[in-house]
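When you line the sequence shown up against the numbering used here, it's residues -4 to 535, in that order.
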Amino acid sequence: MKGRGFALLIAALVISGCRSAPRGGAAAGPNPPSGRSPLVVVLVVDQMRASYLETYGAAFTGGFRRLMEEGAWFRTAAYPYLNTVTCAGHSTIATGALPYRHGMVLNAWWDRTTASSQACTSDPTVKNIGYMGAATGGDSSESLLVRPLAEQLHDSTEGRTVALSLKARSAITLAGRNPAAVVWFDERTGWTTSSAFTPRPVPWVQEFIDANPIEADRGKRWERLLPAGDYVGADDGRGEQRPSGWTPVFPHVLGSPANQFLTHWQRSPFADAYLGRLAAHAIDTLDLGRGAGTDFISVSFSTLDLVGHQYGPASHEVQDILVRLDRTIGTLLDHLDARLGRQGYVLALSSDHGVARIPEQSGAQRQPASGIIATIDGALAPIFGAGKYVAHAAYTDIYLAPGVMGKLRASPTASAAVLDALRALPGIAHAFRADEISDPSVRHSGDPVKRAAALSYYAPRSGDLIVVPEENWLLSTAAATHGTLYAYDQRVPVIFFGAGVPPGVHDVPATPADIAPTLAGLVKAAFTATDGVRLLSGGR
């Protein structure tokens, strides 16, 4: 950004632990009655690298800035596992457990029984319900093997839960079962919920959507919020991709061509702003934080991820989404202050994963699934004859065709041929059989790669072979993606804020699995801890 020296100064002050005093208006609003539990607020910013807070920090004047300065910031927090993807990350934040335990190892895994890919929240026993027309499919939290914090708060205190996101897997995993409302956005049909949570559209949600139609954003131009010179790098970066109808550079018009409006809207800052308003409406309508139990609301902002996959982490588009989301979160914090007071809520901010740079910009390359599958088939053809030996590839997880894994176990020659061939591929750093990480002891191994893979491994849903790319290489044709054990994927923000949270920077080991037990401790609620630990000792 313009004035990078200033940005570096800001980062240096943060690193040294310097803090500005809390805003004079931070305690505005009523204090909760004695004995009333604060509202629990969880904000997740999909695909937010930890480094964004410092790299772009000089442009933040709203929510991110306030959380950095007035919250408890665990600056070195990172996921310890391999499969850094949306469903795994949200489930870890929600439950305090890691993927080997909560079972949500991928966004979609190969179902060996049905020989089909299954989305992590897919549930054929329920039906989705549309707020803007007929919905398709069915989604629930049935595949989540550990009860999330929201569900435990509901069961122990009869607190109410609201979960909002553009993505089904982001809203559903944070909510668990028995929420008052779970809402997500289907790119084909619009705002959606499921019969797993309600028999019909929730009236207050329907009223808000009807009164605030997203069609009002059709034809809007997404322009940069700040002057162009305040953004780092080129607007048209090498390797960037884009939705149909958009150019590589600003401005971006929503709904040109007309059939791309829903796609464009989700990839614009207007979607994040809408979620922020819907969250405020939920808090007001349900009077969250003022009930007899411990209420919970989560908002997972997905736009950064949708934009980041196509434009990459160094793009002007990503920078602008962050700057605007900073303002959106700031507005939501102000609303919480005015409604509940600073002692009336406790909040955590995090992300489900980071993201790698676009290979054309980092100097790396891609090794897509097609090359991996062809290599496996080619390695086994001289031994077992020509054939299709792979059923499915899900980034680092390779699912072999029925009976093939048994052949590899029985034939050291065949097993070695496959693994050697994979390791010889450009961009592949590691390849091993999943049974090498299946023993629980590997979760504590001194081998960091196998330890990370073991923490992502749940046998009924994980692949038969595991491949790990070289740093910065992608196993995808997307402009940018995530899903590895490298710092750019694992490191994410973890910040606590609100009632009982003393401000400060903490450079101690922490993971997003620590969020649920820490929040439970801050509101003095019973919580069954698994992998996460409590990071703060405060609480009302």
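Using N, Cα and C, we set each Cβ at its ideal position, and we do this for glycine too. On a predicted model such as this, the values are computed, not experimentally measured, just so you know.
- Residue ranges of uninterrupted alpha helix (DSSP H) with 4 or more members, entirely inside the region 112 to 156 and ordered along the chain, are 144 to 152.
- In the DSSP assignment, L342 forms a beta bridge with V36, F492.
- Counted as a single uninterrupted DSSP element, the beta strand (DSSP E) harbouring P464 occupies residues 460 to 464.
- Annotated as distal: Q236 and Q314, with beta-carbon spacing of 8 Å or more.
- The residues P33, Q338, V341, R535, in chain order, have a CB closer than 6 Å to that of A494 in the same chain once the five nearest residues on each side in sequence are set aside.
- With a 10 Å radius around the Cβ and a threshold of 16 neighbouring Cβ atoms, H439 comes out exposed.
- V463 places its beta carbon less than 8 Å from that of L480.
- Between P143 and L169 a beta carbon distance of about 6 Å is seen, short of the 8 Å cut, so the two are scored as contacting.
- Under the DSSP definition of a beta bridge, T188 partners with I124.
- Note on the region 62 to 104: whole alpha helix (DSSP H) runs with a minimum of 4 residues are 81 to 90, 94 to 97, in chain order.
- Taking a cut-off of 8 Å for Cβ pairs, the region 454 to 470 and the region 419 to 433 touch, as three or more such pairs fall below it.
- One thing to note: F296 has its Cβ no nearer than 8 Å to the Cβ of T156.
- Sequence-distant partners of A45 (beyond 5 residues in either direction) whose C-beta falls short of 6 Å from its own C-beta, in its chain, are R486, V487, P488.
- Note: H501 is bridge-paired with F69 in the DSSP secondary-structure output.
- It is roughly 24 Å from the alpha-carbon of G125 to the alpha-carbon of V39.
- The three-state secondary structure of F55, taken from DSSP, is coil.
- Inclusion of T120 and H477 in the CB contact set at 8 Å is not warranted, their separation being larger than that value.
- Exposed is the label assigned to D279, since fewer than 16 other Cβ atoms lie within 10 Å of its Cβ.
- Secondary structure at Y481: coil, using DSSP grouped into helix, strand and coil.
- According to DSSP, H425 shares a beta bridge with V463.
- Along the length of the region 259 to 306, whole alpha helix (DSSP H) runs at least 4 residues long occupy 264 to 281, 298 to 306, reported in chain order.
- In this structure, the straight-line span from the alpha carbon of E218 to that of A229 is close to 15 Å.
- D300 counts as buried, since at least 16 other C-beta atoms from the protein chains shown sit within 10 angstroms of its C-beta.
- A residue is called buried when at least 16 other Cβ atoms come within 10 angstroms of its Cβ; S436 does not meet this threshold and is exposed.
- With a 10 Å radius around the Cβ and a threshold of 16 neighbouring Cβ atoms, A206 comes out exposed.
- Residue environment: A369 is assigned as exposed (fewer than 16 neighbouring CB atoms within 10 Å of its CB, all protein chains considered).
- When the alpha-carbon of A67 is set against those of T523, L517, F522, Q362, the nearest one is in L517.
- One alpha carbon belongs to R61, the other to G325, and they sit about 8 Å apart.
- For V318, the enclosing alpha helix (DSSP H) has its first and last residue at 311 to 335.
- Shown here for R322: same chain residues with a beta carbon closer than 7 Å to its own, the five before and five after excluded, namely G57 in chain order.
- With respect to the C-alpha of S136, the residue from R107, L159, G171 having the closest C-alpha is G171.
- Residue environment: N123 is assigned as buried (16 or more neighbouring CB atoms within 10 Å of its CB, all protein chains considered).
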